[in-house]
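Please read the structure below before turning to the comments.
Number of protein chains: 2
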Amino acid sequence: MAYRRTENVARRLAARRAAIVAAACETVVEEGLAAVQIVEVAARAGIAAGTVYRYFPSKTELVAAALAALGEREMAAIERAARAAPGPLSALAAAVTIFTARAVASPRLAIALIADGAQPAVVRNAYRAALAARFDELIRNAIAAGRLPDQDAAMAASALIGALSAGVVGPRPPAAAPEATVARAQVQSLALFALRALGVVDARARGLVVQTVLPQPG
Amino acid sequence: MAYRRTENVARRLAARRAAIVAAACETVVEEGLAAVQIVEVAARAGIAAGTVYRYFPSKTELVAAALAALGEREMAAIERAARAAPGPLSALAAAVTIFTARAVASPRLAIALIADGAQPAVVRNAYRAALAARFDELIRNAIAAGRLPDQDAAMAASALIGALSAGVVGPRPPAAAPEATVARAQVQSLALFALRALGVVDARARGLVVQTVLPQPG
DNA sequence: CCCCGCTGTGAACCATGGTTCATTTGTTCT
DNA sequence: AGAACAAATGAACCATGGTTCACAGCGGGG
Numbered sequence: 167m168a169y170r171r172t173e174n175v176a177r178r179l180a181a182r183r184a185a186i187v188a189a190a191c192e193t194v195v196e197e198g199l200a201a202v203q204i205v206e207v208a209a210r211a212g213i214a215a216g217t218v219y220r221y222f223p224s225k226t227e228l229v230a231a232a233l234a235a236l237g238e239r240e241m242a243a244i245e246r247a248a249r250a251a252p253g254p255l256s257a258l259a260a261a262v263t264i265f266t267a268r269a270v271a272s273p274r275l276a277i278a279l280i281a282d283g284a285q286p287a288v289v290r291n292a293y294r295a296a297l298a299a300r301f302d303e304l305i306r307n308a309i310a311a312g313r314l315p316d317q318d319a320a321m322a323a324s325a326l327i328g329a330l331s332a333g334v335v336g337p338r339p340p341a342a343a344p345e346a347t348v349a350r351a352q353v354q355s356l357a358l359f360a361l362r363a364l365g366v367v368d369a370r371a372r373g374l375v376v377q378t379v380l381p382q383p384g
Numbered sequence: 167m168a169y170r171r172t173e174n175v176a177r178r179l180a181a182r183r184a185a186i187v188a189a190a191c192e193t194v195v196e197e198g199l200a201a202v203q204i205v206e207v208a209a210r211a212g213i214a215a216g217t218v219y220r221y222f223p224s225k226t227e228l229v230a231a232a233l234a235a236l237g238e239r240e241m242a243a244i245e246r247a248a249r250a251a252p253g254p255l256s257a258l259a260a261a262v263t264i265f266t267a268r269a270v271a272s273p274r275l276a277i278a279l280i281a282d283g284a285q286p287a288v289v290r291n292a293y294r295a296a297l298a299a300r301f302d303e304l305i306r307n308a309i310a311a312g313r314l315p316d317q318d319a320a321m322a323a324s325a326l327i328g329a330l331s332a333g334v335v336g337p338r339p340p341a342a343a344p345e346a347t348v349a350r351a352q353v354q355s356l357a358l359f360a361l362r363a364l365g366v367v368d369a370r371a372r373g374l375v376v377q378t379v380l381p382q383p384g
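Keeping their order, the protein sequence lines are chains E and R.
Just so we're aligned: the first sequence equals residues 167 to 384 in our numbering.
Just so we're aligned: the second sequence equals residues 167 to 384 in our numbering.
Structure follows, in structure tokens:
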């Protein structure tokens, strides 16, 4: 029975650690990377500041854990979309659209993961790299299937991410339409631009993007 | 003569103010926005920390002035390139190429002006907006001249900047070739990608980009 | 049932870096 | 030259926010 109890304790500790990371994630999503403060995160997790240091050696490590979690969540969403698509080109289109939609829906998160200069770089680069690698692969698949013209896939992937990210900071047009509609239009425009950049003719691209379901983030 | 002397003093003060801004600019270019510290900038300008506050009410204002100066310098370089070009499409190509070349040559500067999350945003957005406006205009000109397919120029301009900026943070290919050559190749690839995204056919774009002279930043 | 030790606490500590101000230094005008 | 005033100085001040630590509480094992 000794073992049993010990395991329960371990479970409690793991849960608390997860709660701390979750709190940090919330802060990142809601207020951006720069706004992450130990006391604030601790409060959100319902514990004292010092307790955080029983689970993480430093703020940097905590932020790293949070960004890793958020990054994986994004990657998973993209992966899901890509896998669900019927062929290489629509997989690429789906990935592009999902990425953009989620970025537009959570600009602070997108910035934190991709662009924010705060914090010692390393972690952010991990997500960027993973993302670029995945897009690179999707592009190469599409090329191999003869659905895209031959090109430097790695460079294209990198530039692609940049172009799509630009949407979240770029100038919102003064919206007369309801917010959701504007966001959807923005996502669609960006995705079309991106696909055209890769060499997809416009009409074809439109079909690919429109057929993609725009999801809720999370 | 009273007037004469007064004017000399004013000149000295203006010069000193300029020196402070210049020092701040150097720091931004060399070490990034986050590394700007009053004491360090003051030392670089050859004065004491307190003196800075005779010329600027706060660090924020100083940084704003520095970024404004740097932004204008970039805009001027782009403007020069665009004006020198023979037609709307090559003006656009020239602007794209120069922007990219300078960004690749001074990554820290590019990041500070475009992406860095440090400092209360406002100033950076000014440059971004100016840049986007200029590209928007160049794109619209090219469309009007029938050299580009019709499209949402504002969105395209924004995405364009994002795509080009991505190059400076993106993965450097492991360079076997000398640094300068790699940089030039990188600039060319990015510029081609960007022009294709705007609807220029590849062969035509290559000609436009290659003919552009890659300059020294400054 | 009580002791031990692990977990939680939060006030205090420390480092960083922007800002201030009493004092010193230099310049202008008579 | 000397009074008067502006500018420069830089050490001290303050705010912010990460990190520590001596202590309290709780739960599990004997």
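Every residue gets a Cβ at the ideal spot worked out from N, C-alpha and C, and that includes glycine.
* Say whether chain E places a C-beta atom closer than 8 angstroms to the C-beta of residue 256 of chain R. => Position 90 of the second sequence holds residue 256 of chain R. False, the Cβ-Cβ gap to chain E never drops below 8 angstroms.
* Under 7 angstroms Cβ to Cβ from residue 179 of chain E, same chain only, skipping five residues before and after it: list those, please. => In the first sequence, the residue the question calls residue 179 of chain E occupies position 13. Here the set comprises nothing.
* To do: Name, going along the chain, the residues of the stretch 305-329 of chain R whose beta-carbon falls closer than 9 angstroms to a beta-carbon of chain E.
  => 315, 317, 318, 320, 321, 322, 323, 324, 325, 326, 327, 328, 329
* To do: Along the alpha helix (DSSP H) that carries residue 359 of chain E, what are the first and last residues, could you check?
  => As a working note, residue 359 of chain E is residue 193 in the first sequence. Note, residue 359 of chain E: alpha helix (DSSP H), 345-363.
* Asked: With a Cβ-Cβ cutoff of 8 angstroms, do residue 244 of chain E and residue 300 of chain E count as a contact?
  -> Walking along the first sequence from the start, residue 244 of chain E turns up at place 78. Walking along the first sequence from the start, residue 300 of chain E turns up at place 134. Yes, they are a contact pair.
* residue 280 of chain R, enclosing alpha helix (DSSP H) - first and last residue -> In the second sequence, the residue the question calls residue 280 of chain R occupies position 114. Residue 280 of chain R -> alpha helix (DSSP H) spans 273-280.
* DSSP on residue 251 of chain R, reduced to helix/strand/coil? -> Taking the first residue of the second sequence as 1, we reach residue 251 of chain R at position 85. Of the three classes helix, strand and coil, the one that applies to residue 251 of chain R here is coil, per DSSP.
* Asked: If we count Cβ pairs, one from each stretch, closer than 8 angstroms, do we get three or more for the stretch 324-333 of chain E versus the stretch 346-362 of chain E?
  -> yes
* Asked: At a cut of 8 angstroms, does the stretch 287-306 of chain E reach the stretch 300-310 of chain R through at least three beta carbon pairs?
  -> no
* What is the C-beta distance between residue 195 of chain E and residue 258 of chain E, in whole angstroms, given that I count them as a contact (C-beta under 8 angstroms)? -> Your numbering for residue 195 of chain E matches position 29 in the first sequence. Your numbering for residue 258 of chain E matches position 92 in the first sequence. At roughly 26 angstroms, the Cβ-Cβ gap does not stay under 8 angstroms, so residue 195 of chain E and residue 258 of chain E are not in contact.
* **Simplified DSSP state of residue 302 of chain R, which is helix, strand or coil** => Residue 302 of chain R sits at position 136 when you count from the first residue of the second sequence. Of the three classes helix, strand and coil, the one that applies to residue 302 of chain R here is helix, per DSSP.
* Once you ignore the five residues that flank residue 204 of chain E on each side, which residues in its own chain have a CB closer than 7 angstroms to its CB? -> For the purposes of this step, residue 204 of chain E is taken as residue 38 along the first sequence, with counting starting at 1. Taken in chain order, the residues that qualify are 215, 218, 225.
* To do: For residue 272 of chain E, go through chain R and note every residue whose CB falls closer than 8 angstroms to its CB, in chain order.
  => Looking up residue 272 of chain E in the first sequence gives position 106. Result: empty, since nearest Cβ-Cβ is about 15 angstroms, beyond 8 angstroms.
* Quick one: is residue 173 of chain R buried, meaning 16 or more other Cβ sit within 10 Å of its Cβ, or exposed? -> The residue labelled residue 173 of chain R in the question sits at position 7 within the second sequence. It counts as exposed.
* Asked: Terminal residues of the continuous alpha helix (DSSP H) containing residue 224 of chain E?
  -> Numbered from 1 along the first sequence, position 58 holds the residue referred to as residue 224 of chain E. Element bounds for residue 224 of chain E: n/a, residue is neither H nor E.
* In three-state DSSP terms, what is residue 372 of chain E? -> Taking the first sequence and counting its residues from 1, one reaches residue 372 of chain E at position 206. If DSSP states are grouped into helix, strand and coil, residue 372 of chain E belongs with the helices.
* Residue interval of the alpha helix (DSSP H) (run including residue 204 of chain E) -> Residue numbering aside, residue 204 of chain E sits at position 38 when the first sequence is read from its first letter. Unbroken alpha helix (DSSP H) run through residue 204 of chain E: 204-211.
* **8 angstroms Cβ cutoff, residue 332 of chain R in contact with chain E** => Walking along the second sequence from the start, residue 332 of chain R turns up at place 166. Output row for residue 332 of chain R: interface = yes.
* residue 366 of chain R versus residue 311 of chain R - alpha carbon distance -> To locate residue 366 of chain R, count along the second sequence from 1; it is residue 200. To locate residue 311 of chain R, count along the second sequence from 1; it is residue 145. About 13 angstroms.
* For residue 224 of chain E and chain R, any beta-carbon pair shorter than 8 angstroms? -> Looking up residue 224 of chain E in the first sequence gives position 58. Answer no: the Cβ-Cβ gap between residue 224 of chain E and chain R never drops below 8 angstroms.
* By a C-beta neighbour count over all protein chains shown, 10 Å radius and 16 as the cutoff for buried, is residue 382 of chain E buried or exposed? -> Working through the first sequence from its first residue, we reach residue 382 of chain E at position 216. Caution is warranted here: a pLDDT of 46 is assigned to residue 382 of chain E, below 50, making its placement in the model unreliable, and the coordinate value is therefore given only provisionally. So residue 382 of chain E counts as exposed.
* Asked: Count the other CB atoms within 10 Å of the CB of residue 207 of chain R; is the residue buried (16 or more) or exposed (fewer)?
  -> Here residue 207 of chain R refers to the residue found at position 41 of the second sequence. Counting Cβ neighbours within 10 Å, residue 207 of chain R comes out buried, since at least 16 surround it.
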